[in-house]
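K.L.:
Be aware that the sequence shown starts at 1, since it is given in full-length UniProt numbering, and climbs by one per residue. Glycine is no exception: its CB is placed at the ideal position from the N, C-alpha and C atoms. Starting off with a structure, shown below.
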Amino acid sequence: MLGVDPVCAQGVSYCKQYIFYGWERCDRPMGMLSEPLEDTWPRQESDDGTISVGIDATDLFDRYDEEYEDVQGSSFPQIEINKMQISQSIEAPLTSTDTAILSGNLSTQNGNGGGSINLALRRVTSAKGWGELEFGAGDLQGPLFGLKIFRNLTPRCFITTNCALQFSSRGVRPGLTTVLARNLDKNTMGYLQWRWGIQSAMNTSIVRDTKTSHFTVALQLGIPHSFMMVSYQHKFQDEDQTRIKGSLKAGFFGTIVEYGAERKISRHSILGATVSVGVPQGVSLKIKLNRASQTYFFPVHLTDQLLPSAVFYATVGPLVIYFAMHRLIIKPYLRAQKERELEKQRESTASDVLQKKQEAEAAVRLMQESVRRIIEAEEARMGLIVVNAWYGKFVNDNSRKNEKVKVIDVTVPLQCLVKDSKLILTEASKAGLPGFYDPCVGEEKSLKVLYQFRGVLHQVMSADNEALRIPKQSHRIDADG
Numbered sequence: 001m002l003g004v005d006p007v008c009a010q011g012v013s014y015c016k017q018y019i020f021y022g023w024e025r026c027d028r029p030m031g032m033l034s035e036p037l038e039d040t041w042p043r044q045e046s047d048d049g050t051i052s053v054g055i056d057a058t059d060l061f062d063r064y065d066e067e068y069e070d071v072q073g074s075s076f077p078q079i080e081i082n083k084m085q086i087s088q089s090i091e092a093p094l095t096s097t098d099t100a101i102l103s104g105n106l107s108t109q110n111g112n113g114g115g116s117i118n119l120a121l122r123r124v125t126s127a128k129g130w131g132e133l134e135f136g137a138g139d140l141q142g143p144l145f146g147l148k149i150f151r152n153l154t155p156r157c158f159i160t161t162n163c164a165l166q167f168s169s170r171g172v173r174p175g176l177t178t179v180l181a182r183n184l185d186k187n188t189m190g191y192l193q194w195r196w197g198i199q200s201a202m203n204t205s206i207v208r209d210t211k212t213s214h215f216t217v218a219l220q221l222g223i224p225h226s227f228m229m230v231s232y233q234h235k236f237q238d239e240d241q242t243r244i245k246g247s248l249k250a251g252f253f254g255t256i257v258e259y260g261a262e263r264k265i266s267r268h269s270i271l272g273a274t275v276s277v278g279v280p281q282g283v284s285l286k287i288k289l290n291r292a293s294q295t296y297f298f299p300v301h302l303t304d305q306l307l308p309s310a311v312f313y314a315t316v317g318p319l320v321i322y323f324a325m326h327r328l329i330i331k332p333y334l335r336a337q338k339e340r341e342l343e344k345q346r347e348s349t350a351s352d353v354l355q356k357k358q359e360a361e362a363a364v365r366l367m368q369e370s371v372r373r374i375i376e377a378e379e380a381r382m383g384l385i386v387v388n389a390w391y392g393k394f395v396n397d398n399s400r401k402n403e404k405v406k407v408i409d410v411t412v413p414l415q416c417l418v419k420d421s422k423l424i425l426t427e428a429s430k431a432g433l434p435g436f437y438d439p440c441v442g443e444e445k446s447l448k449v450l451y452q453f454r455g456v457l458h459q460v461m462s463a464d465n466e467a468l469r470i471p472k473q474s475h476r477i478d479a480d481g
């Protein structure tokens, strides 16, 4: 699979503690290699689950001619679920150094199924390493015994070793996997893996992860697969954590090109889609939904051939469906959810807001005499005079014109802060200033100021937590406008 890092190809459960899954992020930051492992271990029970549903939709694009149809009158394409897999794991700390991990999975494909259950006991032996014993059994394979060891060699280098014995009707199948990793710089890791026994191979990979990008290059020489893989992911710095990604994998088995995107659709959910185009694999669409610690994966096989129509619909179809769902379902739901939360917050803080309002009004009354003297001094020197000032929530979008405008007049408090024809506000919330209060708790607020300097009108609007310094030439209102 293109989305799985070669280091984790054998399903080693502990890989996520230190390795990157191709396009995926590492659970353990690169800079933590030298920190005590006890500090990175969870102190409460955690569980992870995955549900995978494989869908065969090749009948949409690779239909047989009518003369070969076995079923008469089957004019509609037949879409089938040809495989399913459910896996679940739970990790429970026993002591400050011991952890038990119970995992299991069930899978079925084309009418044949199987499953397995595993129990692992992990012990942190020191600040530099840990060891793990694993016991497993399944209906298709015999007992499994494994030993895993992790150790920091230096603050920038570590090694892991996984030994396994798989018992079956054909005898004992031993396996050994060793990974040597090193921090090349602050954002770059290098991995060297040697695997013997089951699918013997030598693999090397370099992973670079920054705030805006993730890059992986890997080379593997082995039996039966040898390949080279390059993948890149760009991370947009937006509220929805949008990411676009692309990958190329070429080897003795063929060539695969993948591209896709993922986006946060709610507080705990991330939705992603990937198009896979390969020879001889054909065209597939992979849809993945991460909800908290649960993952739902839907690989849809569209065609065994390279058909432009399949690539087009696999690319455009998810985009159209996503934007339609986002506008018609997701966005209204999130807006309603936010309104409910704001309403609860307003109800719980109503008495506090009323008290703050009364305190602000009292402060404004006390400022009147000081403000009168400041205005007289500023008028005498043609200095800074605040004509009008408002603080709160402004609605500029026409689609939201029915929303209630929640602003308060803060002309007097702002004029009181003027000193030597200057007004300087820090990045802190303006609600804490004398004579101010929060008129819309939990909502985004702005400060709008109309002021006069040297006899010329100026206007500025700044965010609540944005620093403000006036007067400025850029605030000047054009007389011609």
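Rounded to a whole number of angstroms, what is the C-alpha to C-alpha distance between glutamate 134 and glutamine 166?
P.N.:
Taking the first residue of the sequence shown as 1, we reach residue 134 at position 134. Taking the first residue of the sequence shown as 1, we reach residue 166 at position 166. The straight-line gap from Cα to Cα measures roughly 12 Å.
K.L.:
Note down the Cα distance separating glycine 171 from proline 143, rounded to an integer number of angstroms.
P.N.:
Counting from 1 along the sequence shown, the entry for residue 171 is found at position 171. Counting from 1 along the sequence shown, the entry for residue 143 is found at position 143. In this structure, the CA atom of glycine 171 is about 11 Å from the CA atom of proline 143.
K.L.:
Is the separation between the beta-carbon of isoleucine 330 and that of isoleucine 265 shorter than 8 Å?
P.N.:
In the sequence shown, the residue the question calls residue 330 occupies position 330. In the sequence shown, the residue the question calls residue 265 occupies position 265. Yes, the pair counts as a contact, with Cβ atoms nearer than the cut-off.
K.L.:
Distance, Cα to Cα, glycine 317 vs glutamine 241?
P.N.:
Within the sequence shown, the letter at position 317 stands for residue 317. Within the sequence shown, the letter at position 241 stands for residue 241. Distance between the alpha carbons of glycine 317 and glutamine 241: 22 Å.
K.L.:
Is it buried or exposed for arginine 122, if we count other Cβ within 10 angstroms and need 16 for buried?
P.N.:
As a working note, residue 122 is residue 122 in the sequence shown. Label assigned to arginine 122: buried.
K.L.:
Provide the residue span of the beta strand (DSSP E) that contains alanine 261, from first to last.
P.N.:
By 1-based counting over the sequence shown, the position of residue 261 is 261. Per DSSP, alanine 261 belongs to the beta strand (DSSP E) from 254 to 264.
K.L.:
Determine contact between the stretch 373 to 392 and the stretch 407 to 417, defined as no fewer than three beta-carbon pairs at a distance below 8 Å.
P.N.:
Flag = yes, the stretch 373 to 392 and the stretch 407 to 417 touch.
K.L.:
If we count Cβ pairs, one from each stretch, closer than 8 Å, do we get three or more for the stretch 459 to 472 versus the stretch 367 to 379?
P.N.:
no
K.L.:
For valine 279 and aspartate 62, what's the separation of their Cα atoms in angstroms?
P.N.:
Sequence index remark: in the sequence shown, residue 279 carries index 279 (1-based). Sequence index remark: in the sequence shown, residue 62 carries index 62 (1-based). When rounded, the distance between both Cα atoms is 16 Å.
K.L.:
For the beta strand (DSSP E) containing threonine 160, name the first residue and the last one.
P.N.:
Here residue 160 is taken as the residue at index 160 of the sequence shown, counted from 1. Here the beta strand (DSSP E) through threonine 160 covers 157 to 168.
K.L.:
Of all the CB atoms in chain C, is at least one closer than 8 Å to the CB of isoleucine 329?
P.N.:
Although the question refers to chain C, the structure presented lacks it and comprises just one protein chain.
K.L.:
Whose C-alpha, out of Ile159, Ile375 and Ala164, is nearest the C-alpha of isoleucine 198?
P.N.:
For the purposes of this step, residue 198 is taken as the residue at position 198 of the sequence shown. It is Ala164 whose Cα lies nearest to the Cα of isoleucine 198.
K.L.:
Output yes or no for whether 8 Å exceeds the beta carbon distance between isoleucine 223 and alanine 201.
P.N.:
Stepping through the sequence shown from its first residue, residue 223 is reached at position 223. Stepping through the sequence shown from its first residue, residue 201 is reached at position 201. Cβ atoms of isoleucine 223 and alanine 201: closer than 8 Å.
K.L.:
From glutamate 444 to methionine 228, what does the alpha carbon distance come to, in whole angstroms?
P.N.:
Residue mapping note: residue 444 aligns to position 444 of the sequence shown, counting from 1. Residue mapping note: residue 228 aligns to position 228 of the sequence shown, counting from 1. Computed Cα separation, rounded: 49 Å.
K.L.:
In chain order, what are the residue ranges of uninterrupted alpha helix (DSSP H) at least 4 long that sit wholly in the stretch 296 to 331?
P.N.:
308 to 325
K.L.:
So what's lysine 401 in DSSP terms, helix, strand or just coil?
P.N.:
Locating residue 401 in the sequence shown gives position 401, where the first residue counts as 1. Interpretation of lysine 401 is limited by its pLDDT of 48, a score under 50 that renders its predicted location unreliable; the figure taken from the coordinates is listed afterwards. Three-state result, lysine 401: coil.
K.L.:
What would DSSP say about tyrosine 437, mapped onto helix, strand or coil?
P.N.:
For the purposes of this step, residue 437 is taken as the residue at position 437 of the sequence shown. The answer is coil: DSSP assigns tyrosine 437 none of H, G, I, E or B.
K.L.:
Do residue 508 and valine 371 have their CB atoms nearer than 8 Å?
P.N.:
The structure shown does not extend to residue 508, since the chain is modelled only from 1 to 481, so the question has no answer here.
K.L.:
Is it true that the CB of valine 277 sits closer than 8 Å to the CB of valine 311?
P.N.:
Here residue 311 corresponds to residue number 311 of the sequence shown, with the count starting at 1. Here residue 277 corresponds to residue number 277 of the sequence shown, with the count starting at 1. Against a cut-off of 8 Å, the Cβ pair of valine 277 and valine 311 comes out as a contact.
K.L.:
Check methionine 382 in the structure and name its three-state DSSP category.
P.N.:
By one-based count along the sequence shown, residue 382 stands at place 382. For methionine 382, the secondary structure class from DSSP, reduced to helix, strand or coil, is coil.
K.L.:
Rounding to the nearest angstrom, what Cα-Cα distance links residue 482 and phenylalanine 215 in this structure?
P.N.:
Because the chain is modelled from 1 through 481, residue 482 falls outside the range shown and cannot be assessed.
K.L.:
Grouping DSSP H, G and I as helix and E and B as strand, with all else coil, what is aspartate 352?
P.N.:
Counting from 1 along the sequence shown, the entry for residue 352 is found at position 352. Of the three classes helix, strand and coil, the one that applies to aspartate 352 here is helix, per DSSP.
K.L.:
Can you have a look at serine 96 and say buried or exposed, based on whether 16 or more other CB atoms are within 10 angstroms of its CB?
P.N.:
As a working mapping, residue 96 is identified with position 96 in the sequence shown. Answer is exposed; the Cβ neighbour count stays below 16.
K.L.:
Is the beta carbon of glycine 54 sitting closer than 8 Å to the one on glutamine 88?
P.N.:
Start at 1 with the first residue of the sequence shown, and residue 54 comes out as number 54. Start at 1 with the first residue of the sequence shown, and residue 88 comes out as number 88. When the beta-carbon positions are compared, glycine 54 and glutamine 88 stay at least 8 Å from each other.
K.L.:
Using only CA atoms, which one of Thr154, Thr58 and Val275 lies nearest to isoleucine 244?
P.N.:
Along the sequence shown, read from residue 1 onward, the residue named residue 244 stands at position 244. Closest option to isoleucine 244, Cα to Cα, is Val275.
K.L.:
Quick one: is residue 493 buried, meaning 16 or more other Cβ sit within 10 Å of its Cβ, or exposed?
P.N.:
Outside the shown range of the chain (1 to 481) lies residue 493, about which nothing can therefore be said.
K.L.:
By alpha-carbon positions, which one of Asp438, Gly383, Asp420 and Ile256 ends up nearest to phenylalanine 453?
P.N.:
As a working mapping, residue 453 is identified with position 453 in the sequence shown. The residue with the shortest Cα to Cα distance from phenylalanine 453 is Gly383.
K.L.:
From the DSSP output, in three-state form, read off proline 413 for me.
P.N.:
Within the sequence shown, numbered from 1, the residue matching residue 413 stands at position 413. Correct three-state label for proline 413: helix.
K.L.:
Taking its Cβ as the centre, do 16 or more other Cβ atoms sit within 10 Å of alanine 362, making it buried, or is it exposed?
P.N.:
Position 362 of the sequence shown, counting from 1, holds the residue named residue 362. With fewer than 16 other Cβ atoms within 10 Å, it is exposed.
K.L.:
Taking the beta strand (DSSP E) that threonine 212 belongs to, which residues open and close that run?
P.N.:
Position 212 of the sequence shown, counted from the first residue, corresponds to residue 212. Per DSSP, threonine 212 is not a residue of any beta strand (DSSP E), being assigned neither H nor E.
K.L.:
Rounded to a whole number of angstroms, what is the C-alpha to C-alpha distance between methionine 84 and asparagine 290?
P.N.:
As a working note, residue 84 is residue 84 in the sequence shown. As a working note, residue 290 is residue 290 in the sequence shown. Straight-line Cα distance between these residues: approximately 17 Å.
K.L.:
Among Asp438, Asp420, Asn112 and Gly138, which one has its Cα closest to the Cα of serine 103?
P.N.:
The residue labelled residue 103 in the question sits at position 103 within the sequence shown. Among Asp438, Asp420, Asn112 and Gly138, the Cα nearest to that of serine 103 belongs to Gly138.
K.L.:
Between which two residues does the beta strand (DSSP E) holding alanine 431 run?
P.N.:
Locating residue 431 in the sequence shown gives position 431, where the first residue counts as 1. Taken as a continuous stretch (DSSP letters only), alanine 431 belongs to no beta strand (DSSP E), as it is neither H nor E.
K.L.:
Helix, strand or coil for isoleucine 374 per DSSP?
P.N.:
The residue labelled residue 374 in the question sits at position 374 within the sequence shown. Helix at isoleucine 374.
K.L.:
Roughly how many angstroms separate the alpha carbons of threonine 295 and serine 52, rounded to a whole number?
P.N.:
Mapped onto the sequence shown, residue 295 falls at position 295. Mapped onto the sequence shown, residue 52 falls at position 52. The straight-line gap from Cα to Cα measures roughly 8 Å.
K.L.:
Assign histidine 475 to one of three DSSP states: helix, strand, or coil.
P.N.:
Taking the sequence shown and counting its residues from 1, the one referred to as residue 475 is at position 475. Here histidine 475 sits in helix by DSSP.
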